[in-house]
Amino acid sequence: MDRPLAGLTTAQVEAQIAQGNVNVDPSPKTRTVGQIVRDNLCTLFNAVNLFLAVLVFTTGSYRNMLFMLIVVANAAIGIYQEVRSKRALDKLALIAARPVTVIREGKEVQIPVDAIVLGDMVCLSHGAQVPADLEVQKGACFMNESLLTGESDAVAKGPGDLLLSGSFVVSGAVEATAVAVGEKSYAGRLGAEAKQSKPVRSEIMATLRFIVKLGTYVLVPVGLILFTRSFFSGETYSVSILSTVAAVVGMIPQGLILLTSTVLAIATFRLAQRQVLVQQLYCIETLARVDVLCLDKTGTITSGAMKVTHLIPLAPHVSAAEKPVPPSPLALSGAAPLSAEDALATSEPGLSRVLQALADVMGANAQDANETAKAALDYLSRRQVSPGKIVREIPFSSQRKYSGCVTEHGAFAVGARQFLKPVNEDQVDAALATLPKDARKLVICQVDGFSDKDEVQGAVVALGVMALADEIRATAPETLKYFIEQGVKLLVISGDDPATVASIAGQAGVPDASDYVDATTLATPESIAKAAEAYRVFGRVTPEQKRDLVKALKSQGHTVAMTGDGVNDVLALREADCSVAMASGSDAARTVAEIVLVDNDFSSMPHVLAEGRRSINNLQRSASLFLVKTVFSMAVAVLCIFFPPYPLLPIQLTLVSGTMTGIPSFVLALEPNRDRVKGHFLANVLARSVPASAGITLGLAALVLLRDLLGFTDGQVSTIATCLVAVMGALLVWRISQPLTPLRFVLIVVICGLCAAGILLFGWIFEIAQFTVVMLLFLAIALALAAFVFWVLYNRGVDTTEDGSGPYVELAKKIQEADHGVS
1 MDRPLAGLTT AQVEAQIAQG NVNVDPSPKT RTVGQIVRDN LCTLFNAVNL FLAVLVFTTG
61 SYRNMLFMLI VVANAAIGIY QEVRSKRALD KLALIAARPV TVIREGKEVQ IPVDAIVLGD
121 MVCLSHGAQV PADLEVQKGA CFMNESLLTG ESDAVAKGPG DLLLSGSFVV SGAVEATAVA
181 VGEKSYAGRL GAEAKQSKPV RSEIMATLRF IVKLGTYVLV PVGLILFTRS FFSGETYSVS
241 ILSTVAAVVG MIPQGLILLT STVLAIATFR LAQRQVLVQQ LYCIETLARV DVLCLDKTGT
301 ITSGAMKVTH LIPLAPHVSA AEKPVPPSPL ALSGAAPLSA EDALATSEPG LSRVLQALAD
361 VMGANAQDAN ETAKAALDYL SRRQVSPGKI VREIPFSSQR KYSGCVTEHG AFAVGARQFL
421 KPVNEDQVDA ALATLPKDAR KLVICQVDGF SDKDEVQGAV VALGVMALAD EIRATAPETL
481 KYFIEQGVKL LVISGDDPAT VASIAGQAGV PDASDYVDAT TLATPESIAK AAEAYRVFGR
541 VTPEQKRDLV KALKSQGHTV AMTGDGVNDV LALREADCSV AMASGSDAAR TVAEIVLVDN
601 DFSSMPHVLA EGRRSINNLQ RSASLFLVKT VFSMAVAVLC IFFPPYPLLP IQLTLVSGTM
661 TGIPSFVLAL EPNRDRVKGH FLANVLARSV PASAGITLGL AALVLLRDLL GFTDGQVSTI
721 ATCLVAVMGA LLVWRISQPL TPLRFVLIVV ICGLCAAGIL LFGWIFEIAQ FTVVMLLFLA
781 IALALAAFVF WVLYNRGVDT TEDGSGPYVE LAKKIQEADH GVS
């Protein structure tokens with residue numbers, strides 16, 4: 001296809017649009033508000049509760065519909081949190097979006113990125129991001145392709161070379177034609193693979209889903225049978241409906257679902273104050289369980305910028321034949337570097353001359369500074385070395401591999417040693433040999449002058465040698481140390497040179513960083529899986545290999561978190577159990593990730609882990625309060641099929657659930673807790689809830705079986721049942737609150753007082769009957785029996801579960817397997 005430098009005509013643009021050759025971004029997008037609302041409202045949990053509310057509504061007993069408040073609150077929290085995250089992400093994408101300059105009809109015009117068509121002539125200069133795959137027609141530049149390949153070194157491009165979409169121009173300017181747009185571009189193909197929505201990986205969510213699912217399967221047949229038995233045994237329609245709904249509502253832990261949403265929403269709010277955007281509530285739990293953290297080098301361990309680490313002044317007047325030993329490199333990290341005056345005494349022509357030459361060259365090319373030049377300028381600015389009067393500028397060229405200038409101090413050039421070819425090359429080589437192998441090395445030279453074509457003329461004398469390295473984030477070592485102390489294995493996965501990555505990882509504190517591998521040698525899934533166990537640092541990794549590494553780690557039983565910022569990280573981010581992206585990265589990476597670091601600071605990660613541990617550990621403790629009701633409700637409901645009606649009313653369950661479950665669970669769930677998350681969530685919950693459920697079920701069973709013998713009315717039965725459940729609930733709260741703190745002691749006093757007030761002072765609201773001696777005597781005996789069963793089972797169950805064994809662990813595994821089978 002002929003693509004003239006004058007660009008496309010209007011007719012050609014319209015023809016490309018008609019053929020669909022437009023640069024539409026195929027990367028995954030945030031969901032619409034409508035989709036978020038629909039997904040939070042149209043759930044099995046909401047459908048079941050709405051149906052039950054309609055049944056209660058038909059009886060006219062509207063106060064028994066209070067359980068719907070929990071349903072509404074849960075949906076509202078979910079919708080609010082997801083819409084808030086969506087808007088924050090959309091703002092980030094809007095800030096990152098910039099118009100692009102194209103040539104059409106021979107004129108430069110600015111258009112949106114998604115208006116580019118195949119064949120468009122695009123103009124790019126320093127700092128611009130490539131919007132589609134382009135072929136250079138005119139000019140030259142250096143490209144940063146780290147977001148795509150992970151390779152941090154700038155790549156030279158000239159006429160005929162391909163510019164990959166998503167890369168950045170670090171220096172130079174080009175005019176290039178679009179050869180692939182939209183989903184056919186390199187970034188588009190990677191983004192399209194991540195379009196499929198990422199499934200949520202959460203033990204808590206799986207547990208809640210199973211409970212709701214199981215409750216639904218049980219409540220339909222049990223509810224129908226309960227209603228039929230109650231109604232045809234002589235009870236009225238209203239009594240039959242209310243007792244049936246009470247049994248069914250008790251099977252589904254609405255409060256636990258609300259508590260989980262609330263606790264995680266509070267955690268996301270706290271993290272938002274630390275510039276951490278949580279897009280998916282349950283990812284906080286996943287991160288709290290992570291035991292392997294995969295780190296991308298650029299943007300995570302390093303800032304993406306360069307810094308000057310060594311500067312060696314040379315003695316150019318000594319002949320090459322004498323081969324003098326160069327002075328030791330001046331290490332510039334850590335303590336304050338030596339001043340020019342201090343170095344002057346140790347070398348000739350001295351550091352001052354080298355600094356001035358460097359300042360002249362970099363000052364002359366400051367408007368087109370790449371990361372190397374920026375590092376040199378920063379180094380010079382801290383020494384207050386200013387460039388001389390600029391007579392002529394020699395911009396950096398991808399062909400020449402150097403930049404230069406002519407100033408009042410002379411003519412100078414800075415670049416690669418093999419292209420400048422200084423006369424004192426033996427000195428230069430000896431100096432270069434003392435520098436780290438993975439450093440980026442430049443030679444600072446004085447020249448006689450430059451030709452009309454910017455080529456060096458005359459003798460080239462090296463004044464000094466400079467080494468630069470990726471700038472490690474100041475907070476990275478401390479952050480990585482925290483994860484190591486928490487037992488998290490660290491892997492560094494990068495598209496960069498493995499030796500370079502290993503050196504940087506070692507400086508940042510990654511254990512065994514010297515154990516690295518070049519991913520180009522890993523050709524099969526089996527070799528990748530073996531490498532995942534044997535190595536800590538991976539270099540030259542392709543986007544597909546990053547994903548396969550995460551898969552291998554997961555298949556080995558690890559919970560894997562992945563950090564990244566580029567299109568090359570998208571596949572791995574989507575595959576990881578928990579993914580973290582930098583806000584400054586690509587749109588695709590931010591959209592796929594569950595957590596976005598808005599300030600691009602990896603040091604926020606320990607706070608995310610701490611919030612997750614606080615939330616999950618406290619939820620495991622509080623969840624047992626809710627599951628008690630679920631377990632005993634199912635057991636007693638089955639019993640009441642043969643001995644109707646169900647002994648509790650919805651309004652009475654609301655009183656007990658609110659005081660003995662709702663209030664204490666919220667208070668306990670928000671306490672500080674940074675302990676490691678141990679064991680299986682469901683097993684830990686069952687170990688605390690089953691003993692209380694067993695005791696309550698035994699007491700209620702005795703009540704149901706002996707009610708006619710003791711002559712109890714329906715009102716007296718429901719009153720005794722309410723008191724029995726309330727006391728056992730208080731006993732469980734007291735047990736899980738050990739060791740008692742002043743706050744926990746006050747909590748127990750308050751909830752007991754509120755429940756007692758509801759029963760004794762506001763009994764008419766909760767349909768509490770007048771107490772008799774027989775009722776009190778039966779209640780005392782039933783409570784003694786229930787408490788004994790609870791005490792025996794609780795101590796034995798918790799002890800074995802905390803060791804990772806015992807019946808509850810096996811039960812939890814079987815439940816999980818059954819859930820997968822049903823799913």
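With UniProt numbering applied, the sequence shown covers 1 to 823. For glycine and all other residues, C-beta sits at the position ideal for the given N, C-alpha and C.
Problem - Cα-Cα separation, Ser347 to Asp291 - result: With a pLDDT of 43 at Ser347, under the threshold of 50, the modelled position of this residue cannot be trusted; read the value that follows with caution. Answer to the nearest angstrom: the Cα atoms are 52 Å apart.
Practice task
Entirely within the stretch 50 to 120 and at least 4 residues each: give me those alpha helix (DSSP H) ranges in chain order.
Solution key: 68 to 96
Exercise for the section: Please work out which residues of its chain come closer than 8 Å, Cβ to Cβ, to Tyr62, disregarding the five sequence neighbours upstream and downstream, and give them in chain order. Expected result: Val56
Exercise for the section: Entirely within the stretch 492 to 569 and at least 3 residues each: give me those beta strand (DSSP E) ranges in chain order. Expected result: 516 to 518, 537 to 539 and 560 to 564
Handout entry: Option nearest Gln137 by Cα separation, candidates Val109, Asp714 and Gly160
Key = Gly160
Problem - Of the residues Ala623, Thr244 and Ala593, the one placed nearest Arg574, counting alpha carbons only - result: Ala593
Handout entry: Burial state of Asp448 (16 or more Cβ within 10 Å)
Key = exposed
Exercise for the section: Run through the stretch 732 to 812 for me and flag every whole alpha helix (DSSP H) of 4 or more residues, listed as ranges in chain order. Expected result: 742 to 760 and 773 to 802
Practice task
Measure the C-alpha to C-alpha separation of Ile390 and Arg383 and round it to an integer number of angstroms.
Solution key: 20 Å
Practice task
Apply the 10 Å Cβ neighbour rule to Cys123 and answer buried if 16 or more other Cβ atoms are within range, or exposed otherwise.
Solution key: Around the Cβ of Cys123, a 10 Å sphere holds 16 or more other Cβ atoms; the residue is buried.
Handout entry: For Leu264 and Ser202, the rounded distance between their alpha carbons
Key = Cα to Cα, Ser202 sits roughly 12 Å from Leu264.
Problem - Beta-carbon gap between Pro691 and Trp791 smaller than 9 Å - result: yes
Practice task
Could I get the ranges of all uninterrupted alpha helix (DSSP H) runs contained in the stretch 623 to 686, with 4 residues as the minimum, in chain order?
Solution key: 650 to 657 and 663 to 669
Exercise for the section: Pull up the DSSP beta-bridge partners for Ala180, would you. Expected result: Asp133
Problem - Cβ distance (whole Å) where Val48 is taken to contact Ile252 below 8 Å - result: 6 Å
Exercise for the section: State buried or exposed for Glu599, treating a residue as buried only when at least 16 other CB atoms are found within 10 Å of its CB. Expected result: A small correction: the amino acid at residue 599 is Asp; Glu does not occupy that position in the sequence shown. Taking all protein chains shown into account, Asp599 has fewer than 16 neighbouring C-beta atoms within 10 Å of its C-beta and is therefore exposed.
Handout entry: Best match in Cys723, Trp734, Gln738 and Leu783 for proximity to Gly758 [C-alpha to C-alpha]
Key = Cys723
Practice task
Look at the alpha carbon of Asp714 and the alpha carbon of Ala702, and state the distance between them as a whole number of angstroms.
Solution key: 15 Å
Exercise for the section: Answer yes or no: do Ser624 and Val667 have a C-beta to C-beta separation smaller than 9 Å? Expected result: Contact: no.
Practice task
Could you tell me how far apart the beta carbons of Val354 and Ile444 are, in whole angstroms, since I believe they sit closer than 8 Å?
Solution key: 6 Å
Problem - Distance between Ser185 and Ser167 (C-alpha atoms, nearest Å) - result: Rounded to the nearest angstrom, the two C-alpha atoms are 12 Å apart.
Practice task
Please look up how many angstroms separate the CB atoms of Glu467 and Lys441, rounded, as I've assumed it's under 8 Å.
Solution key: At residue 467 the sequence reads Ala, which differs from the Glu that was named. With a Cβ gap of about 5 Å, Ala467 and Lys441 count as contacting.
Handout entry: Helix, strand or coil at Ser579 [DSSP, three-state]
Key = strand
Handout entry: Residue nearest to His607 in terms of C-alpha spacing, selected from Ile748, Thr32, Met306 and Arg270
Key = Arg270
Problem - Length of the line joining the Cα atoms of Gln770 and Leu776 - result: 11 Å
Exercise for the section: Determine the closest residue to Asn144 out of Val567, Tyr80 and Val809, with distance taken between C-alpha atoms. Expected result: Val567
Exercise for the section: Return helix, strand or coil for Arg392, following the three-state DSSP convention. Expected result: strand
Exercise for the section: With a 10 Å radius around its C-beta and 16 neighbouring C-beta atoms as the bar for buried, classify Gln16 as buried or exposed. Expected result: buried
Problem - Identified DSSP bridge partners for Met362 - result: Met362 is not bridged to any residue.
Problem - Buried/exposed call for Lys629, threshold 16 Cβ in 10 Å - result: Its Cβ being crowded by 16 or more others within 10 Å, Lys629 is buried.
Handout entry: Chain-order list of residues whose beta-carbon lies under 6 Å from that of Tyr646 (same chain, five-residue window excluded)
Key = Ser243, Ala246, Ala247 and Cys640
Problem - Whether Val570 touches Val580 by CB criterion (9 Å) - result: no
Exercise for the section: Please confirm if Ser586 has its CB atom under 9 Å from at least one CB of chain B. Expected result: Absence of chain B from the displayed structure is noted, only one protein chain being present.
Exercise for the section: Could you have a look at Gly139 and say whether DSSP puts it in helix, strand or coil? Expected result: Three-state result, Gly139: strand.
Problem - Separation of Asp496 from Cys294, as counted between CA atoms - result: Their backbone Cα atoms lie some 15 Å apart in a straight line.
Problem - Residues near Ile241 in its chain [Cβ-Cβ closer than 8 Å; skip 5 each side] - result: Cβ contact annotation for Ile241 (same chain, cutoff 8 Å, sequence separation greater than five): Leu55, Val56, Thr58, Thr59 and Phe227, in chain order.
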